[in-house]
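Residue numbers (mature numbering (1 follows the signal peptide of the UniProt record, and there is no 0)): -18 to -1, 1 to 758.
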């Protein structure tokens, strides 16, 4: 085990040495003059709670560039320094703000372990209150200095999936959000000065008054309109996803597809067309362009159509058709050939990340095989063998990767699970919004039903309920955009999340393909039913349906198909006493998932989320991510922490990237954008024997520590992520009371405790008096 020298800087410092170093009040002439502030394309304004702020304006030399402000600010020449900005929680703005020290950019624009100063918000982040964003400053920029030259630069929004710079970096068309204050300090947990104005906790927020059940009828109307348009010309084929939509609608009693013979005629015509397309281009078995991610789906949706309608299609399967190349072939044989090609290619080209693995294995392998079983049982994998792929993708069995000659290649060894034992996804650590795979997990369960009204696989049903309950800890109380009572997803501590604040979510995140009650209705688990009933009590379910009804596109229409029946299923359930754990009327708790390195803590009127294993894709980075929610203000921070790990002897040198924190840095910005982190050397943790790896590659093991300690304000977290080691935690010498939050028991100052494999201790250091700072 190694504790690198860097950790000397991360040790718990005394209160005296962790003082607030400097404060810059934007829009205040005296404060700005004292910090030598100058600004181009900028204006001041009075904003939240009557406080002054400064905005940066559009109009730079390039359409995506905006204003720049420059200033000097005090730092500590020896210790780790942090920079924090104060932002107003009602502002909604998608522009980005980057922070530069001595001409170098601190952090990354997209999914870096240190984020840009502000990456924008999709809704009010903390209505009526301020929130604070904190980032660590590289030691090399502050060592030996008592002041640093800083810049804050404004640029337009970004789109993470842009294929070139122009698609990725959007024009700046409006001013940035207001910047209220900037601070430097030497503790990771920023404590606002007591004389700062703070907002008021809204308390008993109102319940949304509309919409109501009428939106269910609107959803039905939209679905039936789509069916009517699709089957209007039975001889004209539709694409593969439209064909699956019709097949599922055929089994949905309230739709017009259920009793129209044109539905089957249209489906047969479309399957014939799909087969002829495959004959003309066999690569369609690998990637069929009408699907949402072509090489994940292949021709699997057609396999599901054939399985769902096996009785209705039986009269057509032994008829001969023209294959488009002048050859006659039975439908049964032609459809079988294309589905076998799809299944076998996807067995050899499986995906690693959880949602991709689920989609590939569900459609590309399992549903293709279900279709083969209808057409030619001798060519189908036995059901138990086909289920193995689903069990691997949903975390019931170890994920063994792609196959060659029928044998798994095991790129991550033979003990890697796609989900943790607690039920969270791993990409590589905790994933918030992007990791909400419940829509795909529910589809996996539904696919295993022998027929639409029969139960699906019992193990998968149990697993999806477990996944949903693990996710329940990551919904917290918030106001929706209209100021009504709601629960939203936690996304701040997620590895692949840029969506903040999270969507209004109870059981399940609304999505194109899924609906809020999908898993709850499939499992009827008492906890999940209770969460669904909580959503109904808050009148947020109908709002989610209304949003979907208003959202354009066929994919959304397809997602509406299952909503009415799921709503009726939940409505028919007896009242459940279960409510989401973070609801204010629920008891305090500590939830920890050591495989993902994440915790969720409810402590009175405080909610703490933290990823101790944080975006360490290439090497151990000694960084953690924290989101601390209090009634008066909100804090978001990337902080230094103490990490013990088993060294590999290899190092990773940070490249000069300022955009992506991965994937070769993403699209390049002009040469004047230089990274403040370039050249930093980070140790690589031990890679298990048999796992192929080279320094610089993204790997689940490369940045993974064994034991983490994070002190954030009054919280001390010790997490053992190892499977077979034990570590000691020593409580700090503290004048006030120390409480173990999991047990509620007092802890003596300087007391030691063993932290066993895959376990976590969270201590809370109560203030000795109202004047005592909650600082490390």
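Beta carbons are placed, not taken as given, at the ideal position from N, Cα and C, and that holds for glycine.
Does the separation of the CB atoms of residue 306 and residue 258 fall below 8 Å? yes
What residues in its chain sit with their C-beta under 8 Å from that of residue 748, if we drop five residues either side in the sequence? 696, 718, 719, 720 and 721
Pick from 650, 633 and 25: whose alpha carbon is nearest that of residue 640? 650
Over what stretch of residues does the beta strand (DSSP E) that includes residue 620 continue unbroken? 616 to 622
Whole angstroms is fine: what's the gap from residue 535's alpha carbon to residue 215's? 20 Å
Residue 135 bridges to which residues according to DSSP? 50 and 80
Whole angstroms is fine: what's the gap from residue 427's alpha carbon to residue 594's? 32 Å
Residue 146: buried (16+ other C-beta within 10 angstroms of its C-beta) or exposed? exposed
CA-CA distance, residue 357 and residue 188? 56 Å
Residue 137 vs residue 4 beta-carbon contact at 8 Å: Taking 8 Å as the cut-off, the beta carbon of residue 137 is found no closer than this to the beta carbon of residue 4.
Name the one or two DSSP bridge partners that residue 324 has. In the DSSP output, where bridge partners are listed per residue, residue 324 has none listed.
Below 8 Å on the Cβ atoms is my contact criterion, and I expect residue 55 with residue 164 to pass it. Report the Cβ-Cβ distance as a whole number of Å. 7 Å
According to DSSP, which residues form a beta bridge with residue 728? 721
The alpha helix (DSSP H) spanning residue 471 covers which residue range? Per DSSP, residue 471 belongs to no alpha helix (DSSP H); it is in the beta strand (DSSP E), 467 to 471.
Bounding residues of the beta strand (DSSP E) (the contiguous stretch that carries residue 743): 741 to 747
Assess contact between the region 468 to 488 and the region 520 to 529, defined as three or more Cβ pairs (one per stretch) separated by less than 8 Å. Is contact present? yes
Within its chain, find whatever has a CB closer than 7 Å to the CB of residue 805; leave out the 5 residues flanking it on each side and keep chain order. The first residue shown for the chain is -18 and the last is 758, placing residue 805 beyond what the model contains.
Own chain residues within Cβ distance below 7 Å of residue 585, not counting five before or after: 570, 723 and 746
According to DSSP, simplified to helix, strand and coil, what is residue -7? The predicted model places residue -7 with a pLDDT of 37, which falls under 50 and marks its position as unreliable; any figure quoted below should be read in that light. Reduced to three states, the DSSP call for residue -7 is coil.
Roughly how many whole angstroms lie between the Cα atoms of residue 554 and residue 24? 57 Å
Simplified DSSP assignment, three categories, for residue 763: Since the first residue of the chain shown is -18 and the last is 758, residue 763 is not available in this structure.
For residue 115, the nearest candidate out of 129, 126 and 99 (CA to CA): Ranking 129, 126 and 99 by Cα distance to residue 115 puts 99 first.
Residue nearest to residue 561 in terms of C-alpha spacing, selected from 458, 449, 110 and 302: 458
Residues of its chain near residue 573, where Cβ-Cβ distance is below 7 Å and the 5 sequence neighbours each way are ignored: Excluding sequence neighbours, residue 573 sits near 455, 581 and 582.
Under the DSSP definition of a beta bridge, which residues are partnered with residue 117? 65
Check whether residue 39 and residue 51 have beta carbons under 8 Å apart: no
Of the residues 48, 44 and 67, which one's Cα is nearest the Cα of residue 6? Selected option, being the one with the closest Cα: 67.
Local conformation of residue 556 per DSSP, three classes: coil
Reference residue 732; option with closest CA among 725, 705 and 698: Among 725, 705 and 698, the Cα nearest to that of residue 732 is on 698.
Skipping 5 residues on each side, what residues in its chain have a beta carbon closer than 8 Å to that of residue 301? The answer, listed in chain order, is 312 and 313.
Tell me whether residue -2 sits in a helix, a strand or coil according to DSSP, three-state version. Only weak support exists for where residue -2 lies, its pLDDT of 36 falling under 50; the coordinates are left without a value.
Member of 207, 661, 125 and 247 whose CA lies at the smallest distance from the CA of residue 217: Among 207, 661, 125 and 247, the Cα nearest to that of residue 217 belongs to 247.
Where the beta strand (DSSP E) containing residue 167 begins and where it ends: 161 to 167
8 Å Cβ cutoff met for residue 619 and residue 171: yes
Pop quiz: residue 625 and residue 690 are said to be a contact at Cβ under 8 Å. What is the actual Cβ separation, rounded to whole angstroms? 6 Å
Relative to the C-alpha of residue 425, which residue among 382, 481, 694 and 337 is closest? 337
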